[in-house]
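These notes are about the structure you will find just below.
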Amino acid sequence: MTSASKAPLLEVKQLCHQYIGQKKILDEVSFSIESGDRVALVGDNGAGKSTLLQLIVGLIPIQSGEIMVQSLKATHERDFIKVRTMIGLVFQDPDDQLFCPSVIEDVMFGPLNQGYSLQDAEQKSLAILEQLQLTHLSQRMASDLSGGEKRLVTLATVLVMEPKLLLLDEPTNALDDKAQQRLLSVLRSLEQGMIVISHDKDFLAQLTDRSLLLKAGKLTASL
160 MTSASKAPLL EVKQLCHQYI GQKKILDEVS FSIESGDRVA LVGDNGAGKS TLLQLIVGLI
220 PIQSGEIMVQ SLKATHERDF IKVRTMIGLV FQDPDDQLFC PSVIEDVMFG PLNQGYSLQD
280 AEQKSLAILE QLQLTHLSQR MASDLSGGEK RLVTLATVLV MEPKLLLLDE PTNALDDKAQ
340 QRLLSVLRSL EQGMIVISHD KDFLAQLTDR SLLLKAGKLT ASL
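For the sequence shown, our numbering gives the first residue as 160, with consecutive numbering after it.
Structure (C-alpha coordinates):
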(Lines of atoms letter the chains of each structure in order from A and count residues from 1; the text may use other names and numbers.)
(Lines give C-alpha, C1' and ligand atoms only; values in the text may rest on other atoms or scores of the structure.)
Protein backbone atom coordinates (compact mmCIF):
# COMPACT_ATOMS: atom_id res chain seq x y z
CA MET A 1 0.00 0.00 0.00
CA THR A 2 1.75 3.10 -1.19
CA SER A 3 -0.81 5.85 -0.74
CA ALA A 4 -2.74 7.13 2.24
CA SER A 5 -6.03 6.58 0.39
CA LYS A 6 -5.31 2.82 0.10
CA ALA A 7 -3.79 2.36 3.55
CA PRO A 8 -5.89 1.18 6.51
CA LEU A 9 -7.41 4.00 8.51
CA LEU A 10 -5.64 2.62 11.59
CA GLU A 11 -2.89 0.03 11.77
CA VAL A 12 -1.41 -1.16 15.06
CA LYS A 13 1.76 -3.26 14.83
CA GLN A 14 3.31 -5.30 17.67
CA LEU A 15 2.25 -2.78 20.30
CA CYS A 16 3.49 -3.50 23.82
CA HIS A 17 2.82 -1.75 27.10
CA GLN A 18 3.85 -2.53 30.65
CA TYR A 19 3.06 -0.61 33.82
CA ILE A 20 5.83 -0.45 36.43
CA GLY A 21 5.96 -3.58 38.57
CA GLN A 22 3.40 -5.47 36.47
CA LYS A 23 3.36 -7.97 33.63
CA LYS A 24 2.89 -6.67 30.11
CA ILE A 25 -0.71 -5.53 29.76
CA LEU A 26 -0.31 -5.44 25.96
CA ASP A 27 2.06 -7.93 24.35
CA GLU A 28 2.73 -7.46 20.61
CA VAL A 29 -0.84 -6.45 19.78
CA SER A 30 -1.49 -6.02 16.05
CA PHE A 31 -4.66 -5.23 14.10
CA SER A 32 -6.00 -2.87 11.46
CA ILE A 33 -9.20 -0.88 11.00
CA GLU A 34 -10.58 0.12 7.62
CA SER A 35 -12.74 3.18 7.03
CA GLY A 36 -16.27 2.52 8.30
CA ASP A 37 -15.36 -0.59 10.33
CA ARG A 38 -17.31 -1.03 13.56
CA VAL A 39 -15.34 -3.21 15.92
CA ALA A 40 -16.04 -4.41 19.47
CA LEU A 41 -12.99 -4.58 21.74
CA VAL A 42 -13.76 -7.09 24.47
CA GLY A 43 -11.94 -8.67 27.39
CA ASP A 44 -11.94 -8.90 31.16
CA ASN A 45 -11.55 -5.88 33.42
CA GLY A 46 -7.88 -4.93 33.49
CA ALA A 47 -7.14 -6.64 30.17
CA GLY A 48 -5.73 -3.43 28.69
CA LYS A 49 -8.64 -2.26 26.56
CA SER A 50 -8.70 1.33 27.83
CA THR A 51 -4.90 1.45 27.75
CA LEU A 52 -4.99 0.46 24.08
CA LEU A 53 -7.43 3.25 23.19
CA GLN A 54 -5.35 5.81 25.07
CA LEU A 55 -2.19 4.65 23.29
CA ILE A 56 -3.90 5.05 19.91
CA VAL A 57 -4.53 8.77 20.52
CA GLY A 58 -1.24 9.42 22.31
CA LEU A 59 -2.49 9.93 25.86
CA ILE A 60 0.02 7.28 26.96
CA PRO A 61 3.53 7.20 25.42
CA ILE A 62 4.34 4.25 23.15
CA GLN A 63 6.93 1.91 24.71
CA SER A 64 7.34 -0.35 21.67
CA GLY A 65 5.47 -1.12 18.49
CA GLU A 66 3.90 1.13 15.88
CA ILE A 67 0.67 3.06 15.40
CA MET A 68 -0.08 4.13 11.83
CA VAL A 69 -3.02 6.39 10.95
CA GLN A 70 -3.55 6.66 7.20
CA SER A 71 0.15 5.94 6.63
CA LEU A 72 1.24 8.50 9.26
CA LYS A 73 3.52 6.82 11.77
CA ALA A 74 2.63 8.31 15.14
CA THR A 75 5.65 8.48 17.42
CA HIS A 76 5.89 11.92 19.00
CA GLU A 77 3.31 14.31 20.42
CA ARG A 78 3.43 16.40 17.24
CA ASP A 79 2.28 13.29 15.34
CA PHE A 80 -0.55 12.63 17.77
CA ILE A 81 -1.80 16.20 17.45
CA LYS A 82 -2.64 15.28 13.86
CA VAL A 83 -3.90 11.82 14.87
CA ARG A 84 -6.39 13.41 17.26
CA THR A 85 -7.94 15.34 14.35
CA MET A 86 -8.70 11.97 12.71
CA ILE A 87 -9.48 9.79 15.72
CA GLY A 88 -11.69 10.88 18.60
CA LEU A 89 -11.80 9.22 22.03
CA VAL A 90 -14.96 9.34 24.14
CA PHE A 91 -13.82 8.70 27.72
CA GLN A 92 -15.47 6.19 30.04
CA ASP A 93 -16.34 8.96 32.52
CA PRO A 94 -17.97 12.03 30.88
CA ASP A 95 -16.79 14.21 33.77
CA ASP A 96 -13.21 13.70 32.54
CA GLN A 97 -14.17 15.32 29.23
CA LEU A 98 -16.55 18.11 30.24
CA PHE A 99 -14.90 20.98 32.09
CA CYS A 100 -16.18 24.28 30.64
CA PRO A 101 -18.87 26.54 32.18
CA SER A 102 -21.51 25.50 29.60
CA VAL A 103 -22.25 22.75 27.10
CA ILE A 104 -21.71 25.01 24.09
CA GLU A 105 -18.28 26.02 25.42
CA ASP A 106 -17.35 22.37 25.94
CA VAL A 107 -18.24 21.59 22.32
CA MET A 108 -16.47 24.71 21.02
CA PHE A 109 -13.25 23.87 22.87
CA GLY A 110 -11.99 21.48 20.19
CA PRO A 111 -12.65 23.67 17.12
CA LEU A 112 -11.10 26.67 18.85
CA ASN A 113 -7.96 24.63 19.50
CA GLN A 114 -7.98 23.61 15.84
CA GLY A 115 -7.71 27.28 14.93
CA TYR A 116 -11.32 28.08 14.04
CA SER A 117 -12.56 31.60 14.75
CA LEU A 118 -14.98 32.08 17.63
CA GLN A 119 -17.86 32.55 15.19
CA ASP A 120 -17.00 29.48 13.10
CA ALA A 121 -16.42 27.33 16.19
CA GLU A 122 -19.82 28.34 17.53
CA GLN A 123 -21.52 27.58 14.21
CA LYS A 124 -19.90 24.13 14.00
CA SER A 125 -20.81 23.40 17.61
CA LEU A 126 -24.43 24.47 17.26
CA ALA A 127 -24.72 22.34 14.12
CA ILE A 128 -23.49 19.20 15.89
CA LEU A 129 -25.73 19.87 18.89
CA GLU A 130 -28.67 20.19 16.50
CA GLN A 131 -27.69 16.94 14.77
CA LEU A 132 -27.73 15.15 18.14
CA GLN A 133 -30.91 16.96 19.24
CA LEU A 134 -29.08 18.66 22.10
CA THR A 135 -29.59 22.32 21.18
CA HIS A 136 -31.79 22.85 24.23
CA LEU A 137 -28.81 22.00 26.46
CA SER A 138 -26.37 24.47 24.91
CA GLN A 139 -26.37 26.93 27.83
CA ARG A 140 -26.63 24.32 30.58
CA MET A 141 -23.78 23.34 32.89
CA ALA A 142 -22.56 19.79 32.35
CA SER A 143 -22.78 19.14 36.08
CA ASP A 144 -26.55 19.66 35.87
CA LEU A 145 -27.10 17.08 33.12
CA SER A 146 -28.28 13.50 33.42
CA GLY A 147 -25.89 10.65 32.70
CA GLY A 148 -27.39 10.10 29.26
CA GLU A 149 -27.20 13.79 28.41
CA LYS A 150 -23.57 13.96 29.52
CA ARG A 151 -22.70 10.96 27.34
CA LEU A 152 -24.26 12.57 24.27
CA VAL A 153 -22.55 15.90 24.96
CA THR A 154 -19.15 14.17 25.22
CA LEU A 155 -19.93 12.54 21.88
CA ALA A 156 -20.71 15.99 20.47
CA THR A 157 -17.34 17.33 21.70
CA VAL A 158 -15.65 14.61 19.63
CA LEU A 159 -17.90 14.65 16.55
CA VAL A 160 -17.48 18.40 16.10
CA MET A 161 -13.82 17.67 15.29
CA GLU A 162 -15.00 15.59 12.30
CA PRO A 163 -12.99 12.44 13.13
CA LYS A 164 -12.87 9.45 10.81
CA LEU A 165 -12.75 6.96 13.68
CA LEU A 166 -14.44 7.00 17.09
CA LEU A 167 -13.02 5.24 20.14
CA LEU A 168 -15.79 4.62 22.66
CA ASP A 169 -14.83 3.46 26.16
CA GLU A 170 -17.83 1.88 27.94
CA PRO A 171 -20.33 4.32 26.37
CA THR A 172 -23.35 2.74 28.09
CA ASN A 173 -21.79 2.89 31.56
CA ALA A 174 -24.36 4.11 34.15
CA LEU A 175 -27.06 4.73 31.51
CA ASP A 176 -30.64 3.56 31.93
CA ASP A 177 -32.38 1.62 29.14
CA LYS A 178 -33.95 4.71 27.56
CA ALA A 179 -30.63 6.59 27.47
CA GLN A 180 -28.87 3.51 26.06
CA GLN A 181 -31.38 3.21 23.24
CA ARG A 182 -31.03 6.88 22.37
CA LEU A 183 -27.24 6.60 22.33
CA LEU A 184 -27.44 3.45 20.19
CA SER A 185 -29.73 5.21 17.71
CA VAL A 186 -27.32 8.15 17.42
CA LEU A 187 -24.25 5.94 16.99
CA ARG A 188 -25.90 3.76 14.36
CA SER A 189 -26.77 6.88 12.35
CA LEU A 190 -23.12 7.99 12.11
CA GLU A 191 -20.78 7.32 9.19
CA GLN A 192 -17.60 7.06 11.25
CA GLY A 193 -15.80 3.83 11.97
CA MET A 194 -15.74 2.81 15.63
CA ILE A 195 -13.85 0.78 18.17
CA VAL A 196 -16.20 0.13 21.08
CA ILE A 197 -15.38 -1.18 24.55
CA SER A 198 -18.44 -2.49 26.37
CA HIS A 199 -19.53 -5.36 28.59
CA ASP A 200 -23.06 -5.00 27.17
CA LYS A 201 -23.21 -7.81 24.60
CA ASP A 202 -26.62 -6.76 23.26
CA PHE A 203 -25.38 -3.21 22.67
CA LEU A 204 -22.31 -4.47 20.84
CA ALA A 205 -24.36 -6.90 18.75
CA GLN A 206 -26.57 -4.05 17.53
CA LEU A 207 -23.69 -1.65 16.81
CA THR A 208 -20.58 -3.56 15.74
CA ASP A 209 -19.69 -5.96 12.90
CA ARG A 210 -16.80 -7.91 14.42
CA SER A 211 -14.91 -8.36 17.67
CA LEU A 212 -11.33 -8.25 18.89
CA LEU A 213 -10.58 -10.10 22.13
CA LEU A 214 -7.80 -9.03 24.49
CA LYS A 215 -6.67 -11.77 26.86
CA ALA A 216 -3.43 -12.05 28.84
CA GLY A 217 -1.92 -9.20 26.86
CA LYS A 218 -2.61 -10.85 23.51
CA LEU A 219 -5.14 -10.05 20.84
CA THR A 220 -6.39 -13.62 20.63
CA ALA A 221 -9.40 -13.44 18.32
CA SER A 222 -10.96 -11.51 15.50
CA LEU A 223 -14.52 -12.75 15.14
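Note that the Cβ used here is the ideal one computed from N, Cα and C, for glycine as well.
Across the structure, Ala206 and Ile184 are spaced so that their CA atoms are roughly 7 Å apart. Three or more beta-carbon pairs separated by less than 8 Å link the stretch 179-199 to the stretch 349-357, which places the two stretches in contact. About 6 Å separates the beta carbons of Leu311 and Leu293, which is inside the 8 Å limit, making them a contact pair.
Counting along the chain, Phe362 sits inside the alpha helix (DSSP H) bounded by residues 360-366. Judged by DSSP secondary structure, Leu325 falls within the beta strand (DSSP E) whose first and last residues are 324-328. Pairing Ile226 with Val171 gives a Cβ-Cβ distance under 8 Å. For Glu329, the closest C-alpha among the options Asp265, Leu296, Thr210 is that of Thr210. CA-CA distance, Glu289 to Leu169, rounds to 29 Å. The residue among Arg237, His176, Asp359 with its C-alpha nearest the C-alpha of Leu334 is Asp359.
If only uninterrupted beta strand (DSSP E) runs of at least 3 residues are considered, those enclosed by the stretch 280-364 are 324-328, 352-356. Distance from the CA atom of Ala375 to the CA atom of Val201, rounded to whole angstroms, is 12 Å. For Val171, the enclosing beta strand (DSSP E) starts and ends at 169-177.
In this structure, the straight-line span from the alpha carbon of Pro167 to that of Lys323 is close to 12 Å. Its chain contains Ala333, Leu334, Ala338 as the residues whose beta carbon lies nearer than 7 Å to that of Gly306, once the 5 sequence neighbours on both sides are disregarded; these appear in chain order. Residue environment: Thr331 is assigned as buried (16 or more neighbouring CB atoms within 10 Å of its CB, all protein chains considered). One thing to note: Leu314 has its Cβ within 8 Å of the Cβ of Val249.
In the three-state DSSP reduction, Glu236 falls in the helix class (H, G or I). The shortest C-alpha to C-alpha distance from Arg347 to any of Gln365, Val242, Tyr178 is the one to Gln365. Taking C-alpha positions only, Lys208 is separated from Ala199 by approximately 10 Å.
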